[in-house]
Amino acid sequence: MALKIHSTLTRQTEEFVPNKPGHVALYVCGPNLYDPCHVGHAFSYIVFDVVKRYFKYRGYTMRHVQNFTDIEDRIIAKAQAENKTIQEIAQVYIARFMDEMDALNIQRADAYPRATGVIPTIIEITQGLIAKGFAYEVDGDVYFRVRKADGYGKLAHRSLDEMEAGARIQVDERKEDPMDFALWKASKPGEPAWDSPWGKGRPGWHIECSAMNYVEHGPQIDIHGGGHDVIFPHHENEIAQSESFTGKKPFAKYWMHNALLRLSGDSSAEDKMSRHVGNTLWIKDALARHTADEIRLYLLSTHYRTPLAWTDDDVDAAARGLERLRAAVATPTPSPSPASRGGESALTQFANQTREKFIAAMDDDFGTPQAIAALYDLAREINRARNENATAETLAPAQATLRELAGVLGLTLEEPKSKMLQAAPFIELLIAIRKELRAAKQFALADKVRADLAKLGVALEDGAQGTTWKSQ
RNA sequence: GGCGCCGUGGCCAAGUGGCAAGGCAAGGGUCUGCAAAACCCUGAUCAGCGGUCCAAAUCCGCUCGGCGCCUCCA
């Protein structure tokens, strides 16, 4: 079975064939650093984290590059408003970004280049594009000549004429074509600026990604990813710049775009989550309410190309499902009774079939919803076997498989860290006393202990192997 | 105005031509001193209308409803 990917460029689900056998060069568009990241960003980065984990699982080596755009109009505006440098602004959000990615169990990229770190390459590419006739200078600005680029609009599947017919942008008379976009902008007083052949200035919005790709990956990459909203103009322009400059096509072999997350309000209409619109849920706030496993399971329960509307209730529903998965991998105390030989190999066999189903689902354009369904099926079989007194040894292989597959989705299946570690010895003490009460058939008192602990947020569960507790 | 997506049981969500995955919730049951957990059982003809086909949630057309991009955006 071959791994297939839906590419925005062809609008087809194609078999994945890397440029270099066994290796994947992946570039994912990172954030502009003028504000914290919201769960829409988290969704995108989780999606590509799963893409990466799955490729590794299938034996590919990866090089994953994620950029930071640290020079851009909004960052400049923010810096001016707060009387700070753009570097100071960027640093604050980069530190927060890294913390949040770690908290979401998103594996770090191999490189995090910053736009301001590749200015010489940006100038080199811009010069090259001018030399080849793809760009022109006007008053210290440099514009890309879209009419010259081969197949401009091929990613967005729109022709230039269509775009101009419906364009709402103000036409800059100095540009040859209204759709021409800036590679380099002459700086205004007070703005950060770099020396260039066209005077003091700074990069336009799209060129930095072409430059960072060129520096980190070379002229061609396998997969370029990002949110659906960045297809046009950002990725379209990246293709135009990179292919025109290097002459190598395709710039990226597969273009993957995740659908956009919407934020479901109490009564208001659901809108795309977006920082400039203002309806955002910061990652930090989401993590205060839900664990990374819960958030990931929820987001991955929908296919990445299907839009979904975030609601806390739905995340909570996913969290309850997660508990069943966790119950399945929880290690039971080895049973003293002899192994029930009957279902032993059958469970392992089921686990192996689950792995095949999981792989088949993921091979088909990262079908996480079906992959997760397979996980639930396996969890049920494990729990059932345990109910039928299977030994720890019998359960272990299937549990290992469940952990293995969950790990591909970045799910740890670990119990959330208890908020009551300090109280643990006292809770254990109460459990021990309650055990004696139960042995003495003083059930009313035993139940009171359990009920009162529940009021304090501690749930007791009496199992065959004794009583366990967890905080809620 | 142009390009595109979506509408599946109470809720979330797969399936994209051949008897409708999975999760949450709900009801019934097993187990348990009781409870919890776990497990078992129960439920949808796929927005509406028309068409193509031996056969459609899946293809075509129209209608209604929701959304995205075309400008900053993951």
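Sequential numbering from 200 applies to the first sequence in the numbering used here.
We treat Cβ as the ideally placed atom computed from N, Cα and C, and that holds for glycine.
Please go through the same chain and pick out, in chain order, the residues whose beta-carbon is closer than 8 Å to the beta-carbon of residue i, but skip the five residues on each side of it.
i           : result
residue 480 : 237, 238, 462, 472 and 509
residue 329 : 335, 336 and 341
residue 573 : 553, 556, 557, 560 and 604
residue 270 : 285, 314, 315, 391, 401, 402 and 407
residue 626 : 619, 652, 657 and 668
residue 575 : 520, 523 and 524
Excluding the 5 residues preceding and the 5 following residue i in the sequence, name in chain order all residues of the same chain whose CB lies nearer than 6 Å to its CB.
i           : result
residue 297 : none
residue 277 : 233 and 288
residue 566 : 560
residue 525 : 612
residue 423 : 226, 451 and 454
residue 663 : none
DSSP state of residue i, grouped into three classes?
i           : result
residue 216 : coil
residue 358 : coil
residue 298 : helix
residue 206 : strand
residue 420 : strand
residue 201 : coil
residue 619 : coil
residue 381 : strand
residue 211 : strand
residue 574 : helix
residue 610 : coil
residue 346 : coil
residue 402 : strand
residue 640 : coil
residue 392 : coil
residue 562 : helix
residue 524 : helix
residue 530 : coil
residue 291 : helix
residue 650 : helix
residue 374 : coil
residue 599 : helix
residue 351 : coil
residue 538 : Since pLDDT at residue 538 reaches only 48, below the 50 mark, its modelled position is unreliable, and no value is offered.
residue 311 : coil
residue 670 : strand
residue 604 : helix
residue 327 : helix
residue 655 : coil
residue 316 : helix
With a 10 Å radius around its C-beta and 16 neighbouring C-beta atoms as the bar for buried, classify residue i as buried or exposed.
i           : result
residue 248 : buried
residue 201 : exposed
residue 609 : buried
residue 388 : exposed
residue 564 : buried
residue 523 : exposed
residue 216 : exposed
residue 633 : buried
residue 475 : exposed
residue 243 : buried
residue 506 : exposed
residue 579 : exposed
residue 212 : exposed
residue 434 : buried
residue 373 : exposed
residue 361 : exposed
residue 642 : exposed
residue 265 : buried
residue 384 : buried
In its own chain, which residues sit with a C-beta less than 7 Å from the C-beta of residue i, not counting the 5 before and 5 after it?
i           : result
residue 670 : 617, 618, 619, 656 and 657
residue 602 : 528 and 612
residue 348 : 333, 439 and 443
residue 429 : 228
residue 412 : 226, 420 and 441
Hey, would you say the C-beta of residue i is under 6 Å away from at least one heavy atom of the ligand GDP?
i           : result
residue 633 : Of ligands this structure carries none, so the ligand GDP is not represented either.
- Query: For the stretch 471-520, which segments carrying the alpha helix (DSSP H) assignment without a break, of at least 4 residues, lie completely within its bounds, in sequence order?
  - Reply: Unbroken alpha helix (DSSP H) runs of no fewer than 4 residues, entirely contained in the stretch 471-520, are found at 482-488 and 491-499, following chain order.
- Do the stretch 405-424 and the stretch 307-323 touch if we need at least three Cβ pairs shorter than 8 Å? Under the Cβ criterion (8 Å, minimum of three pairs), the stretch 405-424 counts as touching the stretch 307-323.
- Sequence ranges, beta strand (DSSP E) only - wholly within the stretch 226-284, length at least 3: Counting only runs of 3 or more, we get 260-265.
- Task: Determine contact between the stretch 586-599 and the stretch 629-639, defined as no fewer than three beta-carbon pairs at a distance below 8 Å.
- Result: Segments in contact, no.
- Given 8 Å, three or more beta-carbon pairs between the stretch 440-447 and the stretch 417-425: Touching, yes, given that three or more Cβ pairs across the two stretches are closer than 8 Å.
- Could you pull out every unbroken alpha helix (DSSP H) segment of at least 4 residues lying fully inside the stretch 442-466, listed in chain order? Runs of the alpha helix (DSSP H) inside the stretch 442-466: none found.
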